[in-house]
Each structure stands twice: as structure tokens, then as C-alpha cells.
Amino acid sequence: MEGMSYLTVAYLGMISGIAIWTWTVFARAKTLEARISAIETSLGKEEIEADSIALQSANSDNNEATG
Amino acid sequence: MGERIRISFLGLGFVGIMSTLYLGLMWAPSVAIDAFESPAAQKIFYWHVPSAWAAFIAFAVLFVGSALWFFKRSPTGWRLHVAGAEAGLATGLMTVWSGTIWGSAEWGTPWDWSDVRLNTFGLLTLLALFLVLGRRSQPDGVETRDTFSTFGLFGFVLVPFTYIATRFWVIRHPGPVVAAGRDGSLQSDMALVLLIGAISFTVFIIGHILTSMHITKLEQRVEMLQSEIDRSV
Chain A
309 MEGMSYLTVA
319 YLGMISGIAI
329 WTWTVFARAK
339 TLEARISAIE
349 TSLGKEEIEA
359 DSIALQSANS
369 DNNEATG
Chain B
1138 MGERIRISFL
1148 GLGFVGIMST
1158 LYLGLMWAPS
1168 VAIDAFESPA
1178 AQKIFYWHVP
1188 SAWAAFIAFA
1198 VLFVGSALWF
1208 FKRSPTGWRL
1218 HVAGAEAGLA
1228 TGLMTVWSGT
1238 IWGSAEWGTP
1248 WDWSDVRLNT
1258 FGLLTLLALF
1268 LVLGRRSQPD
1278 GVETRDTFST
1288 FGLFGFVLVP
1298 FTYIATRFWV
1308 IRHPGPVVAA
1318 GRDGSLQSDM
1328 ALVLLIGAIS
1338 FTVFIIGHIL
1348 TSMHITKLEQ
1358 RVEMLQSEID
1368 RSV
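Line order of the protein sequences matches chains A and B. Heads up, the first sequence is in our numbering, so the first residue is 309 and it goes up one at a time. Heads up, the second sequence is in our numbering, so the first residue is 1138 and it goes up one at a time.
Okay, here's the thing in C-alpha cells:
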């Protein structure tokens, strides 16, 4: 019985761990969405989807090819 | 990918994981009392094996993402790389943590430095830790991404090595119980709970990977907006 109690505590600890992880990830997404929405509203911008680093890399590849 | 889909994956996976643990604890048969030093601790296997399975999925995503970024410069590839590293770290820690609990109860020690599988899996988790912390501490750029992608590509070599470790070097870690041929001795009720666990962890980790990719996309948008503000000032 003692072993089962330890196991139950370990299970509860691990479930709490993944619940906290999931909650943290969602909270981060919500914070970022709110931040983006605030900046876009203040700039009067539509949604920007691009990845600046990928664009920078693609531009330098193009320059090398043409240059 | 919509928020509703991401929440559905995470919710379904979480409920499935809770059900697996409940079934493992209350319904699945116990092992013979003389088969293990600590028969009750064996039930941690319903967490340990599916989380290790989810870790392998995450490391496969990391590999594919690294390859897509490194060879194709794909923005989706970079998001996959980031999501795979984060999911690999979380599931790797789940596996290592549950393994040390079982090791303490069964072997009397949480870790065996001479066991091949323990150490290769530990290295994989450390690689994921390096990628997650490294990305957060370095400024984003082509060179940074190339460096981390290279680690993601070469680190994947450890995955098949870890998988076959208990087939070739049985030291302390138990041998395979699934797809183990004649050596497999898993009772059908145990196999059913394990299957539910593997499916649940798969669904859960897909939800996390999708959410993590969404977050990376949002971070990139913040960066674009930030540079636009900087240019206009």
C-alpha cells in the first residue's frame, strides 16, 4: 500500500507538471497576441506574417545569385 | 492552424493521459509479486514508455525542422525546429524523471552511469535543453539558426542509437516490451493501457508542437513590428 501511495504522489506531481507547462505556453501565446494587437492598432497596421530572418536569408541568397 | 484545433489536441491528450494513469493504477493487472523488487513501482511504466515515445516524435520533428531550415531556409522549418526542441525537452524530462523514480524503487539508485540507454537518452534531453536555452540567450539570426539546426541534425543520430540500445546492450534498463518478438511478455490488458497512453501522449505532444509553432510565429511578428517602429523613429 505504501508503494501505491508513493506512486499516486508521483503521478499527481507529473500531471501537475504537464498542466503547468500547458498553462505557461497558453499564457505566453495570449500575452504575445495582446502585445501584437496593441502595437498593430497603434501603428494602424494589418497583420504581418513574415519571418524577418528567413526574408533576410532569402534576400542575401538572391543577391549572391545575381551579384 | 486555428486555436480551437490546438486546444482540442491539448485537451484530448490531457484527458487521455489522465485516463491512462487512472486505468494503469486501478484497472491494469499488477505484475507478479516476485517478478520485481518493487511491483507497485512498475506501474510508472504507463507514464514512462508513452512519454519516451512522445519524446522520439518530438526529436523527429526537431530533425525535420532543422533539415528544412538548413537546406531550404523554410520559416516553417525553423518553427518546427523550435517546437521540436521544446517538446523534446519537456517529454525527455518526463521520461527521465519517471525513470529515476522507478530506478530508485527497483534498483536502489536513480541512475546507472554504465547503462547505454539511460545515458544516450539523457544526452538527447541535454541536447534539447541546450537548444532551448541557446535560442533564448542568443540574438535571432541566420548564423544562430544554422548553428542550432546543425545540432538538431547531428543530435538525431542518438535516436536510433537509443532505440536499439536495450536490444544490443542489455545492462540494467529492461528490454523492449513492444515489438520485441518472442521475448515480449506484455499481458493484453497492460498492452491496451499502454496503447491508450501512447495515443494520448501523441495527441498531447502534437497539440504542444502546434502551439509552440504558433508562439514562434507571434514572436517573429513582434520582431517585425519592432523593427518597423525602429525604422520609423
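We put the beta carbon where it would ideally sit given N, CA and C, even for glycine.
| message | What would DSSP say about B/Gln1275, mapped onto helix, strand or coil? | response | Coil at B/Gln1275, not helix or strand.
| said: Could you tell me the alpha carbon to alpha carbon distance between A/Ser368 and B/Leu1264, rounded to whole angstroms? | reply: CA-CA distance, A/Ser368 to B/Leu1264, rounds to 30 Å.
| said: With a threshold of 9 Å between beta carbons, is B/Gly1278 in contact with chain A? | reply: Chain A contact via Cβ: present.
| Nearest-angstrom beta carbon gap, B/Gly1229 and B/Leu1199 [assumed within contact, 8 Å] | About 11 Å separates the two Cβ atoms, so there is no contact after all.
| query | What number of angstroms, rounded off, separates the C-alpha of B/Trp1234 from the C-alpha of A/Arg343? | reply | Looking at the two C-alpha atoms, the distance is approximately 35 Å.
| request: Might you give, ordered along the chain, the residues of its own chain that have their beta carbon closer than 7 Å to the beta carbon of B/Ala1189, omitting 5 neighbours on each side? | output: Thr1232
| chain B partners of A/Ala337, CB-CB under 8 Å? | Those within 8 Å of A/Ala337 in chain B are Thr1348, His1351, Ile1352, Leu1355.
| Going by the CB atoms, is the gap between A/Glu348 and B/Leu1362 shorter than 9 Å? | yes
| Min CB distance A/Gly352 to chain B below 9 Å | Output row for A/Gly352: interface = no.
| Which of helix, strand or coil DSSP assigns to B/Arg1210 | Correct three-state label for B/Arg1210: coil.
| query | Where does B/Phe1291 land, buried or exposed, given buried means 16+ other C-beta within 10 angstroms? | reply | exposed
| request: Could you give the DSSP three-state label for B/Tyr1239: helix, strand or coil? | output: The amino acid at residue 1239 of chain B is misidentified as Tyr; the sequence shows Trp. Residue state, collapsed to three classes: helix.
| task | Find the residues of chain A that neighbour B/Ser1235, judging by a C-beta separation of less than 8 Å, and give them in chain order. | result | Ala318, Met322
| request: Please list the partners that B/Trp1248 has in chain A, where partner means a Cβ-to-Cβ separation under 8 Å. | output: Simply none; closest approach about 16 Å.
| request: Output, in chain order, the set of chain A residues within a Cβ distance shorter than 7 Å of B/Ile1238. | output: Ala318
| Assumed close pair B/Ile1342, B/Ala1195 - CB separation to whole angstroms, cut-off 8 Å | 6 Å
| request: Pair every Cβ in the region 1143-1155 of chain B with every Cβ in the region 326-342 of chain A, then say whether three or more of these pairs are closer than 8 Å. | output: yes
| In chain order, what residues of the same chain have a beta carbon less than 7 Å from the beta carbon of B/Leu1268, not counting five sequence neighbours either side? | Ala1222, Phe1285, Phe1288, Gly1289
| said: Run through chain B and tell me which residues come within less than 7 Å of A/Ser365, C-beta to C-beta. | reply: Contact of A/Ser365 with chain B by beta-carbon distance below 7 Å involves Arg1210, Val1279.
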